[in-house]
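> Sharing a structure, written as structure tokens. Questions coming.
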Amino acid sequence: MASPENDFEVSDATRVLNRVFGYDSFREGQQEIIEHVAGGGDALVLMPTGGGKSLCYQIPALVRPGVGVVISPLIALMQDQVDALRALGVRAGFLNSTQDHDERRMVEAEFVAGELDLLYLAPERLRSESAMRLLDRGKISLFAIDEAHCVAQWGHDFRPDYLALSALHERWPDVPRIALTATATEATHAEIASRLNLETARHFVASFDRPNIQYRIAPKNEPKRQLLDLLRAEHPGDAGIVYCLSRNSVEKTATFLTENGVQALPYHAGLDSQVRAANQARFLREDGLVMVATIAFGMGIDKPDVRFVAHLDLPKSIEGYYQETGRAGRDGLPSTAWLAYGLQDVVQLRRMIDTSEGDDAHHRRLGAHLDSMLALCETVECRRVRLLAYFGQGSDQCGNCDTCLTPPESWDGTIAAQKLLSTVLRLDRERRQKFGAGQIIDILLGKKTPKVTQHDHESLKVFGIGTELRDTEWRGVVRQLLAQGLLTVEGDYGTLVLTGTSAEVLRQERQVLLRREPERAPRAARSTSSGRRAAPAADLSEEAMPVFERLRAWRAASAKEQGVPAYVIFHDATLRQIAAESPTSLDELSKISGVGENKLAKYGQQILDTLAA
Ligand code: ADP
Ligand code: ZN
């Protein structure tokens, strides 16, 4: 299918995929998008983090005449992006404020001479007339606008620069534009289209499923200890990201992991910018480091072998949770998204919402985001089904999340809910008092703590009526009532208060189904029945494992020598396949996914030598 206005052939795209990138087949959605843009069409692309957006503009830029201009706000990562492309034999360059005059002049000259395939630009450059004039002097094959949600997010740092990008279309009406984002809500989608004048562009919405990520959500007991157990049992020596809500807990967790033999680095906005940049560079360049960070970390980090993303605190929205967990497993290998959450998280986030700026409508929106997140945590259904439903997409039971692997029992918690709600009600009615979950549970369990005695709560009718459940089980009841909207928290101390629907339970008009607290964390059994791949360690035989380690050591040395991240040389997935199949010739090696022509020429013999050693 040749497109009318262009002599591009579909086979060109596939050939570039094979030869340059060394991949056998397109991922879902890629081919259609690439054909459309390569044929000169405008596109708005919604694809999840790790879905493979870059190829959607890189391949069209390679098959169309001229230079593809990529607008990306992530200046700190441009060097790595360009290095990764150069390693593939793609002629790439960037222009941003980190370069000196001479470096800039050189890239500009290459652009004008048509000696580049791709040019990365920071959005603020395009607000200067001199940059516009520079672009006029070369031939542009397409504009790719990465992280396009920046134009839609109110208060986003890069927003003013992104808003100015609508001018591209006016100045170069014939150059196709492709805007890409992993942010999926309808509102954002519509706003990107209108702000960037992309209403008539074709909209591509890929599946948001990331099948190789195993989603798990556990009640939070001793979070650091739970995390350490997870890392020791399932991810020894793996690279991963641990998200914490506060700078303080970032520091503490990083120290704790380091003291326990896990190499971990902190990252948060309070750190000196040089330390932050150095930690980020180490995480990208070295194998097996754990980054403990606030959500300030991660946008644009396209390290392919992040094997786990752990959240020690509840994310504020499913949207955020999905972006953050999406940073795991870009290479398609099995990865874990693990979240520990507890009652205290709910209290803390509610307080943050109550005290945040903005009007009531804004607070209500934030509250609704949190409620959806809570509902995901407490669901007895497949997590993936719930996640994809949030993005308006359907899915079957996935077989690769904790609720699928260890289906939680549900139980009729109506009576327990009534006991708890009536304790809250009595305190409020009889004593005009409000208390947090701890005190309510102590009353239900009949514990004579100093605080119980001080407030004379022993004399309440409900004192000691809840001994059939343990303390942790009562906490589970509170969390689930919060998630179901039958209870809410307010104020600085997280006091529990009834909601409009609590009365239905108290009046026996509503049954409350609850999820039983698991005795211990579900086993990480990975199902292969649904075609998902086995655990990374399991898909290498005992003979292949040391070979893989040798290849990794060779890669680490080469990466260091060239000053590039290890994955720029080869991804783990590629090294694993090499170790498993141990090719004996360059021709055999070229068949492995991730080995393109340039890397074959550059590293092929070294790989064969390493295998033969
Ligand atoms: P996104 O920008 O959508 O988060 P990337 O473009 O960084 O995702 O792609 C994620 C990873 O998947 C990258 O490491 C990329 O090399 C790899 N990848 C993309 N497309 C393919 C493909 N068709 N086959 C194999 N690997 C792919
Ligand atoms: Zn599932």
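Residue numbers for the sequence shown follow the working numbering, beginning at 158 and rising by one.
Glycine is no exception: its CB is placed at the ideal position from the N, C-alpha and C atoms.
Bear in mind that the values here come from a model prediction, so they are computed numbers and not experimental data.
So, at 6 Å on beta carbons, what are the nonlocal neighbours of Ser715 in its own chain, with the 5 sequence-adjacent residues on each side left out?
Stepping through the sequence shown from its first residue, residue 715 is reached at position 558. Taken in chain order, the residues that qualify are Ile726.
> Is DSSP giving His468 helix, strand or coil here?
The residue you call residue 468 lines up with position 311 of the sequence shown. His468: strand per DSSP, three-state reduction.
> Using the DSSP secondary-structure output, state which residues sit across from Ala249 in a beta bridge.
Within the sequence shown, numbered from 1, the residue matching residue 249 stands at position 92. Beta-bridge pairing links Ala249 to Leu275.
> Would the C-beta of Gly208 count as close to the ligand ADP, meaning under 8 Å from any of its heavy atoms?
As a first step, residue 208 is located in the sequence shown; it is residue number 51 there, counting from the start. Under cutoff, so the answer is yes.
> Within the segment 353-396, note down every full beta strand (DSSP E) run reaching 3 residues or more, in order along the chain.
Qualifying beta strand (DSSP E) stretches, in chain order: 359-362, 370-376.
> The ligand ZN heavy atoms versus the CB of Gln550: any closer than 8 Å?
On the sequence shown, residue 550 is found 393 positions in, with the first residue counted as 1. Not under cutoff, so the answer is no.
> May I ask which residues mark the beginning and end of the beta strand (DSSP E) holding Thr493?
For the purposes of this step, residue 493 is identified with residue 336 of the sequence shown, where counting begins at 1. Unbroken beta strand (DSSP E) run through Thr493: 492-498.
> Could you tell me the boundaries of the beta strand (DSSP E) in which Val449 lies?
Translated into positions along the sequence shown, residue 449 becomes position 292. From DSSP, the beta strand (DSSP E) with Val449 extends over 447-450.
> Which of the three DSSP states, helix, strand or coil, is assigned to Ala233?
Start at 1 with the first residue of the sequence shown, and residue 233 comes out as number 76. The answer is helix: DSSP assigns Ala233 an H, G or I state.
> Going by other Cβ atoms of all chains shown within 10 Å of its Cβ, with 16 needed for buried, is Val99 buried or exposed?
No answer is possible for residue 99: it lies beyond the span of the chain, which begins at 158 and ends at 770.
> Which first and last residues belong to the beta strand (DSSP E) in which Thr652 is found?
Sequence index remark: in the sequence shown, residue 652 carries index 495 (1-based). First-last of the beta strand (DSSP E) with Thr652: 652-655.
> In angstroms with no decimal places, state the Cα-to-Cα distance between Arg334 and Ser229.
The residue given as residue 334 occupies position 177 in the sequence shown. The residue given as residue 229 occupies position 72 in the sequence shown. Whole-angstrom Cα-Cα distance: 14 Å.
> Report, in whole angstroms, the separation of the C-beta atoms of Trp495 and Arg373, which I expect to be a contact under 8 Å.
For the purposes of this step, residue 495 is taken as residue 338 along the sequence shown, with counting starting at 1. For the purposes of this step, residue 373 is taken as residue 216 along the sequence shown, with counting starting at 1. Rounded, the Cβ-Cβ distance is 5 Å, consistent with contact.
> Exposed or buried, Thr560, counting other C-beta atoms within 10 Å across all chains shown (16 or more means buried)?
Mapped onto the sequence shown, residue 560 falls at position 403. Buried is the call here.
> Can you look up Val239 in the DSSP assignment and give me helix, strand or coil?
Position 82 of the sequence shown, counted from the start, is the residue given in the question as residue 239. Helix.
> For the beta strand (DSSP E) that contains Ser298, what are its first and last residues?
Position 141 of the sequence shown, counting from 1, holds the residue named residue 298. Looking at the DSSP string, the run of the beta strand (DSSP E) that includes Ser298 is 297-302.
> Ignoring anything shorter than 4 residues or poking outside the segment 515-592, list the alpha helix (DSSP H) runs there in chain order.
Segments of the alpha helix (DSSP H) lying fully in the segment 515-592: 517-534, 540-547, 559-562, 571-588.
> Classify Val202: buried if its beta carbon has 16 or more other beta carbons within 10 angstroms, exposed otherwise.
As a working mapping, residue 202 is identified with position 45 in the sequence shown. Buried: at least 16 other Cβ atoms inside 10 Å.
> Using 9 Å as the limit for Cβ to Cβ distance, is Gln550 near chain C?
The structure shown contains no chain C; it is built from a single protein chain.
> Buried or exposed: where does Thr652 fall if 16 or more other Cβ atoms within 10 Å of its Cβ makes it buried?
What you label residue 652 is simply residue 495 of the sequence shown in a count that begins at 1. Buried: at least 16 other Cβ atoms inside 10 Å.
> Using beta-carbon positions only, say whether Tyr424 and Ala396 come within less than 9 Å of one another.
Along the sequence shown, one-based indexing puts residue 424 at 267. Along the sequence shown, one-based indexing puts residue 396 at 239. Going by C-beta atoms, Tyr424 is not nearer than 9 Å to Ala396.
> Any contact between the segment 536-555 and the segment 593-607? By contact I mean 3 or more CB pairs, one from each, below 8 Å.
Contact fails: fewer than three Cβ-Cβ distances are below 8 Å.
> Measure the beta-carbon distance from Leu275 to Gln215 and round it to whole angstroms, keeping in mind my assumption that it falls under 8 Å.
Counting from 1 along the sequence shown, the entry for residue 275 is found at position 118. Counting from 1 along the sequence shown, the entry for residue 215 is found at position 58. About 7 Å separates the two Cβ atoms, so the contact holds.
> Terminal residues of the continuous alpha helix (DSSP H) containing Gly477?
Numbered from its first residue, the sequence shown carries residue 477 at position 320. Gly477 -> alpha helix (DSSP H) spans 475-482.
> What are the residues that DSSP puts in a beta bridge with Gly225?
For the purposes of this step, residue 225 is taken as the residue at position 68 of the sequence shown. In the DSSP output, where bridge partners are listed per residue, Gly225 has Leu275, Leu299.
> The beta strand (DSSP E) with Val194 in it runs from where to where?
Within the sequence shown, the letter at position 37 stands for residue 194. From DSSP, Val194 is part of no beta strand (DSSP E) but of the alpha helix (DSSP H) over 187-195.
> Does the pairing of the segment 171-188 with the segment 257-264 give three or more beta-carbon distances under 8 Å?
With a cut-off of 8 Å, the segment 257-264 and the segment 171-188 do not count as touching, because too few Cβ pairs lie within range.
> Is the beta carbon of Leu732 within less than 8 Å of some heavy atom of the ligand ADP?
Reading the sequence shown from its first residue, position 575 is the one you call residue 732. The answer is no for Leu732.
> Any heavy atom of the ligand ADP within a distance shorter than 8 Å of the CB on Ser403?
Working through the sequence shown from its first residue, we reach residue 403 at position 246. Incorrect: Ser403 has no Cβ contact closer than 8 Å to the ligand ADP.
> Could you please give me the residues that DSSP links to Leu337 through a beta bridge?
Walking along the sequence shown from the start, residue 337 turns up at place 180. Answer is Val202.
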